[in-house]
Amino acid sequence: MTTWIGINQTAANRYVEQALAGGLLSRIVTAESVRRETFLGRSRLDFLIDGDTYVEVKTPLDNLQVPLGDHVRTRPRPPLASTERLVKHIGELGRSLEAHQRAILLVRFLYDNPGFQARESSRHSEVRDQVARAVERGVEIWQVNFTLDRFGVRVSRQYELTPGFLT
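Its first residue numbered 0, the sequence shown is counted upward by one per residue in numbering that gives the first Met the number 0.
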């Protein structure tokens, strides 16, 4: 069986937009209106839903979080150092809850990821603390997996990750 894995980030946000507009992410949020690229503080977040719910989409790209066969060779990965945008956006999401009803960090995969695992990084404790503060303020963290094949793109799974980020 062939498995397709998507890496096109521009297309990936269009997939999320279509899923939101089409009601395919109803476990996460229902949407009457979807606005893209909305400013919040110093950040431009991915979506504003119905004027009161911010959604920021992140796709972990540093490695595939799926079992690989013995025939696949991999090298040890250095710690991830590029976390500035994540820290900035999660902070803005947390602060937005003073004026908005909901804020969601949506971890998106363009393959069937069994469950997001945060990888150690050179700034791991700073990121973990910022995420914990945002979750304590009420930011929700969700995962959505899309399946890609020669017939199209489908939402395959959606579930909440927030409890795993509570300190």
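Where is the CB? At the ideal position from N, CA and C, for every residue including glycine.
In this structure, the alpha-carbon of Arg-149 lies about 44 angstroms from that of Glu-97.
Taking all protein chains shown into account, Thr-52 has 16 or more neighbouring C-beta atoms within 10 Å of its C-beta and is therefore buried. Sequence-distant Cβ neighbours of Val-28 in its own chain, meaning closer than 8 angstroms and more than five residues away, are Leu-19, Ile-48, Thr-52, Val-54, Arg-101, Ile-103.
Here Gln-142 is actually not in contact with Gln-129; their C-beta atoms are around 19 angstroms apart, not less than 8 angstroms. Arg-153 is not a Cβ neighbour of Gly-93, given a cutoff of 9 angstroms.
Beyond the five residues adjoining it in sequence on each side, Glu-36 comes within less than 6 angstroms, by CB distance, of Arg-43 in the same chain, given in chain order. Residue Leu-105 holds the alpha-carbon nearest to the alpha-carbon of Glu-16 among Glu-139, Leu-105, Asn-112, Phe-38.
Membership of Ile-103 in the beta strand (DSSP E) is indicated by the continuous run 101-108.
Where Ser-25 is concerned, there is no enclosing beta strand (DSSP E), because DSSP gives it neither an H nor an E. If you draw a 10 Å sphere on the C-beta of Phe-108, you find 16 or more other C-beta atoms in it, and that means buried.
Remark: C-beta atoms of Ser-32 and Gly-21 do not approach each other more closely than 9 angstroms. For Leu-44, the enclosing beta strand (DSSP E) stretches over residues 42-48.
In summary, Phe-46 is buried, with 16 or more beta-carbon neighbours lying within 10 Å of its beta-carbon over all protein chains present. About 6 angstroms separates the Cβ atoms of Thr-58 and Ala-11, confirming a contact at the 8 angstroms cut-off. Boundaries of the beta strand (DSSP E) around Glu-139: 139-148.
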